[in-house]
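Residue numbers (this note's numbering): -13 to 500. Read the structure below first, then the notes.
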């Protein structure tokens, strides 16, 4: 048994509850350790040097993660909703020679298998051979075409879905991940009996802040497939099914996104009974308006906002029950150092090892996040927005679009909102209503309320509505739902141009009539 499992064994010895649960399956710590050992033998027999994993949330996912750490080889987790191009790029870029899937490989490359013109999986990934199976997972040997260059000690590779360009493979060590998990476990000041994984395990936040920190706290990790929880693909969600699962499982904690949080708040305001066992709902991925956080607390949803990024193993700061400041991202984890340089958040200690195939990025001692923010007098970190996303109007005003967007999304009117106005005299917005029954008059009334709280230069002067909510599969959002600003600018360019053109025409008509 390796050092990691020995550490967990000391925590779990004597506990009469499972470390992992999935529906009717439950594993004690000893059973879990035995399964990890079986997976180690399977991967060793396959001569695994670097493993890619495409799987739904499951006990097997977590076992493979621990097996790779036991062997000391990199794991590349990939969300099952990744496009074929994303899968191909990531596996080839990371030089994985073993691929584990919960479906036959063609499932991910042939979404419409009945169409004979579709290419086979081998057209997208270097030649693969189905070697064996581990539990519910199919094991493929991959003849890699790329011998990836990565820092020594890489245990996990997570691909950022940045706002521009090709994604970068962030290399993390085992120590870095578990240091974050340990700090989170120590910071949580309420008893957590069980943690429910709602986000995909391939998302670093769920993997590290969810699974690892729960295990260190002696909390049972509960997993269900994303479909069972109500998710379809990367963004569609049957909210009734999610609410039913939350009521039946009655978890102590879970991690969610601002959009899902908004739905939970609405459900609670309309009569859904919040399960009594819930002690902590962590929300991250994007800025959340203070008004929405307050609404959550008003309906007994114990929501706590945090901040993080892949280069810091997922979490930098977080609020907890006894130290919570609404509107902030919480206090910085004790093992990290954060400073502010010209408004930008700069981080030292426990940084990532570097990016795949970018030796110049390896072993950095300091990381400039590109996020704007400040530390208040009590040590709470506040996030203003992305430095590169700053809108600079033609009047020279600097505006963080995230600030306005979070305000626009703080009620039940809008599902999505994106603000534009760089080098323009004022801001405009692309808006998607929460549901089809909400018309433009109701949207206009809501914008009037939001504008009344904003300074003149940040108000939304004109706007347009689009009918279908954007998803990561569109290429306009990251996997976490963050907007890709450049792509959005291009996508909505005709509508934005028309808005400014119409306002110019209106202004001219007013001048003539006067």
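Quick reminder that beta carbons are idealized off the backbone N, C-alpha and C, glycines included. In this text the structure is predicted, and so the values were computed from the model without any measurement.
Where the alpha helix (DSSP H) containing residue i begins and where it ends
i	result
residue 513	Nothing about residue 513 can be read from this structure; the chain reaches only from -13 to 500.
residue 334	Unbroken run through residue 334 is the beta strand (DSSP E), 330 to 334; no alpha helix (DSSP H).
residue 52	45 to 57
residue 166	160 to 173
residue 436	426 to 439
residue 200	199 to 202
For residue i, the nearest candidate out of the options (CA to CA)
i	options	result
residue 445	471, 476, -3, 412	412
residue 429	448, 477, 140	448
residue 342	144, 215, 44, 287	144
residue 170	334, 33, 87, 322	322
residue 159	488, 38, 194	194
residue 442	460, 403, 390	390
residue 154	339, 488, 474	339
residue 182	157, 242, 176	242
residue 124	134, 157, 86, 8	86
residue -5	216, 16, 388, 80	16
residue 91	395, 39, 61, 483	39
residue 540	451, 276, 227, 274	Nothing about residue 540 can be reported from this structure: the residues present for the chain run from -13 to 500 only.
residue 476	461, 488, 282, 487	461
residue 31	83, 286, 383	83
residue 142	128, 162, 129	162
residue 332	297, 307, 478, 346	297
residue 303	309, 292, 418	292
residue 5	165, 48, 43, 344	48
residue 410	379, 233, 416, 43	379
residue 308	272, 266, 13	266
residue 206	179, 35, 310	179
Residue i, buried or exposed, once every other Cβ within 10 Å from all chains shown has been counted against 16
i	result
residue 374	exposed
residue 496	At residue 496 the pLDDT is 36, less than 50, meaning the model places this residue with poor confidence and gives no usable figure here.
residue 167	buried
residue 100	Low local confidence applies: a pLDDT of 36 at residue 100 is under 50, so the model's placement there is unreliable, with the coordinate-based value given in what follows. Burial call: exposed.
residue 46	buried
residue 150	For residue 150, the predicted model reports a pLDDT of 42, less than 50, meaning its position is unreliable; a value from the coordinates is still stated below. Its Cβ having fewer than 16 others within 10 Å, residue 150 is exposed.
residue 51	buried
residue 354	exposed
residue 21	buried
residue -13	exposed
residue 458	buried
residue 346	exposed
residue 262	exposed
residue 300	buried
Terminal residues of the beta strand (DSSP E) in which residue i lies
i	result
residue 415	413 to 419
residue 124	123 to 128
residue 242	239 to 242
residue 143	142 to 145
residue 206	206 to 208
residue 468	Counting along the chain, residue 468 falls outside any beta strand (DSSP E), and DSSP gives it neither H nor E.
residue 400	400 to 406
residue 18	No beta strand (DSSP E) holds residue 18; the alpha helix (DSSP H) holding it covers 15 to 31.
residue 134	Residue 134 -> no beta strand (DSSP E), and no H or E assigned at all.
residue -4	From DSSP, residue -4 is part of no beta strand (DSSP E) but of the alpha helix (DSSP H) over -11 to -2.
residue 8	6 to 8
residue 449	446 to 451
residue 390	First-last for residue 390: 387 to 394, but that is the alpha helix (DSSP H), not the beta strand (DSSP E).
Near the ligand MG: residue i beta-carbon under 7 Å from a heavy atom
i	result
residue 403	As for the ligand MG, it is missing from this structure, which has no ligand bound.
### Query
What are the complete beta strand (DSSP E) segments, minimum 3 residues, inside the segment 282 to 351?
DSSP assignment within the segment 282 to 351 yields the following whole beta strand (DSSP E) runs of 3 residues or more, N-terminal first: 289 to 293, 323 to 327, 330 to 334.
### Task
Check whether the segment 59 to 76 touches the segment 222 to 238, counting contact only when three or more Cβ pairs, one atom from each stretch, lie closer than 8 Å.
Proximity of the segment 59 to 76 to the segment 222 to 238 falls short of the contact definition, fewer than three beta-carbon pairs being nearer than 8 Å.
### the segment 360 to 373 contacting the segment 302 to 314, beta-carbon criterion three pairs below 8 Å
They touch, by the three-pair rule.
### Task
Report the residue ranges of all beta strand (DSSP E) runs contained in full by the segment 58 to 89; include only those spanning at least 3 residues, in chain order.
The beta strand (DSSP E) runs of length 3 or more contained entirely in the segment 58 to 89 are, from start to end of the chain, 61 to 64, 84 to 87.
### Query
Should the segment 183 to 193 be called in touch with the segment 23 to 33, which here means at least 3 C-beta pairs below 8 Å?
Between the segment 183 to 193 and the segment 23 to 33 there are fewer than three C-beta pairs closer than 8 Å, too few to call the two in contact.
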